[in-house]
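Engineer: Residue numbers (full-length UniProt numbering): 1 to 409.
Note that beta-carbon positions come from the ideal geometry of N, C-alpha and C, so glycine has one too.
The following block contains the structure, expressed as structure tokens.
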């Protein structure tokens, strides 16, 4: 059991006190101001202090008093701005939406152990020219990863035709990815800054942080290779999985025609693919779509090792691929390219149109559709050894809730 002291706005204070009691802890002090809390700590022993990051609940005097007493201070925040306020005073922050388990973990886990946690991974979604469904796949896989309990970021790195923002109904006047790239150039990109420039997409299965793409294709010089790589590297410390939607073109003709250093039009795509731990290559499930993949696949392998590439065929349907479309697609790709797709997604126009019309992910508008189930299965195939945080937390909770049975006599 942990003994807490709390200083926060009344509504948040009541919520934290109630959660602490429900998790088997005790609240010894509740104070309206940091100065009052400092006075009470002189006579009451506590194990940890929970505060809201803004005045009058957190100040330098309270931090010093807690340091002198060996008491850990945790700021309970709602957004990146509040986390920045806490960080300015050297106080660790935990998001209230993450639940009281996150607060418990922050209190009992040594700081060094938290810093040593595994870094996040990058998943790039690429596809050849045409409309194989790159953006739909990126959004779908990001939401499915969130549904598995991971903290996920969705990044639009398409330097030709960014489309994640309109597909999700998000504002893109100030593209988040370009803003993060500028911060890389000045050496000031941090986890807090990523949270500030990102937008939160709330879905029925969990939140996804979104870095929207450039609003005009003429702004492509802002997405230089080193900046893109820098943003994705910072994302590894920000979230568990970063899903990147990239452009189709892999051409690097400008590097051949000129030895003068300068921006490259497709640098964002190449840099994202090289930085990715896994690359999902999306192909259209018709003869033209498969032909485009077969022609572009060798170029992709020149950029990314083949063992990091997973081919997914989208929009598979009877009319375009014969009476046995799945078999026909698999045989065609294997025969002409030696490619074995990890998944085939059906053409589900009703689900795709509903998502497009409502500017929402498919999981929100057609959660039981064939397309959503295929995306769900693919996420599981791509992450066979991953145990979701949600499942781990639920198992831990079940263990804590389990009580010995009393034999009846």
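For residue 122, collect the residues of the same chain with a Cβ closer than 6 angstroms to its Cβ; drop the 5 residues on either side in sequence, then sort them by chain order.
Structural biologist: 232, 242, 275, 276 and 277
Engineer: Considering only residues of the same chain and omitting the five flanking positions on each side of residue 9, which have a CB-CB separation below 7 angstroms?
Structural biologist: 52
Engineer: Looking at residue 201 and residue 180, is the spacing between their C-beta atoms short of 8 angstroms?
Structural biologist: No, these two residues do not count as a Cβ contact at 8 angstroms.
Engineer: Please confirm whether residue 369 and residue 348 have their CB atoms less than 8 angstroms apart.
Structural biologist: yes
Engineer: Would you tell me roughly how many angstroms separate the C-alpha atoms of residue 154 and residue 342, rounded to the nearest one?
Structural biologist: Cα-Cα distance, rounded: 22 angstroms.
Engineer: Residue 133 and residue 315: beta carbons closer than 8 angstroms?
Structural biologist: yes
Engineer: Find the nearest neighbour of residue 414 within the set 345, 302 and 142, judged by alpha-carbon distance.
Structural biologist: As shown, the chain starts at 1 and ends at 409. That puts residue 414 outside it, with no answer to give.
Engineer: Ignore the nearest five residues each way along the sequence and tell me which others in residue 336's own chain have a CB closer than 6 angstroms to its CB.
Structural biologist: 294
Engineer: Applying the criterion that 16 or more other CB atoms from any shown protein chain within 10 Å of the CB defines a buried residue, is residue 135 buried or exposed?
Structural biologist: buried
Engineer: Which residue marks the beginning of the beta strand (DSSP E) containing residue 309, and which one marks its end?
Structural biologist: 309-316
Engineer: For the candidate residues 59, 108, 196 and 131, whose alpha-carbon lies nearest to that of residue 84?
Structural biologist: 196
Engineer: On the DSSP bridge assignment, give the partners of residue 6 in chain order.
Structural biologist: Residue 6 is bridged to 30 and 50.
Engineer: For residue 288, is the classification buried or exposed, using 16 other Cβ atoms within 10 angstroms of its Cβ as the cut-off for buried?
Structural biologist: exposed
Engineer: Relative to the C-alpha of residue 224, which residue among 183, 333 and 360 is closest?
Structural biologist: 183
Engineer: Grab me the residues of residue 339's own chain with a C-beta within less than 8 angstroms of its C-beta, minus the 5 sequence neighbours each way, in chain order.
Structural biologist: 293, 294, 297, 311 and 333
Engineer: Rounded to whole angstroms, how far is the Cβ of residue 48 from the Cβ of residue 71, which I believe are closer than 8 angstroms?
Structural biologist: 6 angstroms
Engineer: Roughly how many angstroms separate the alpha carbons of residue 352 and residue 208, rounded to a whole number?
Structural biologist: 19 angstroms
Engineer: Report the option in 344, 372 and 346 whose CA atom is closest to the CA atom of residue 355.
Structural biologist: It is 372.
Engineer: Can you tell me where the alpha helix (DSSP H) with residue 363 in it begins and where it stops?
Structural biologist: 362-365
Engineer: May I have the straight-line CA-CA distance separating residue 221 from residue 15, to the nearest angstrom?
Structural biologist: 48 angstroms
Engineer: If you draw a straight line from the alpha carbon of residue 329 to that of residue 264, how long is it in whole angstroms?
Structural biologist: 35 angstroms
Engineer: Using a threshold of 8 angstroms, state whether the C-beta atoms of residue 91 and residue 58 are closer than that.
Structural biologist: Against a cut-off of 8 angstroms, the Cβ pair of residue 58 and residue 91 comes out as a contact.
Engineer: Specify, as a first and last residue, the run of the alpha helix (DSSP H) that residue 282 falls within.
Structural biologist: From DSSP, residue 282 is part of no alpha helix (DSSP H) but of the beta strand (DSSP E) over 278-284.
Engineer: Give every residue of the same chain whose Cβ lies closer than 7 angstroms to the Cβ of residue 116, excluding the five residues on either side of it in the sequence, and list them in chain order.
Structural biologist: Model confidence at residue 116 stands at a pLDDT of 49, short of 50, so the residue's coordinates are unreliable; what they give is reported in the following sentence. Excluding residues within five positions, none has a Cβ falling inside 7 angstroms.
Engineer: Taking residue 86 as the reference, which of 213, 216, 54 and 357 has the closest Cα?
Structural biologist: Between residue 86 and the set 213, 216, 54 and 357, the nearest pair of CA atoms involves 54.
Engineer: My assumption, with CB atoms under 8 angstroms, is that residue 178 sits in contact with residue 139. Please give the rounded CB distance.
Structural biologist: About 20 angstroms; that fails the 8 angstroms criterion.
Engineer: For residue 24, which option in 3, 151, 126 and 76 has the closest C-alpha, if you only look at C-alpha atoms?
Structural biologist: 3
Engineer: Report the partner residues of residue 93 according to the DSSP bridge assignment.
Structural biologist: 75
Engineer: Beta strand (DSSP E) containing residue 180: first to last residue?
Structural biologist: Run containing residue 180: none in the beta strand (DSSP E); it sits in the alpha helix (DSSP H), 176-186.
Engineer: Please work out which residues of its chain come closer than 6 angstroms, Cβ to Cβ, to residue 247, disregarding the five sequence neighbours upstream and downstream, and give them in chain order.
Structural biologist: 158, 159, 160 and 269
Engineer: When the distance is taken between beta carbons, is residue 125 closer than 8 angstroms to residue 313?
Structural biologist: no
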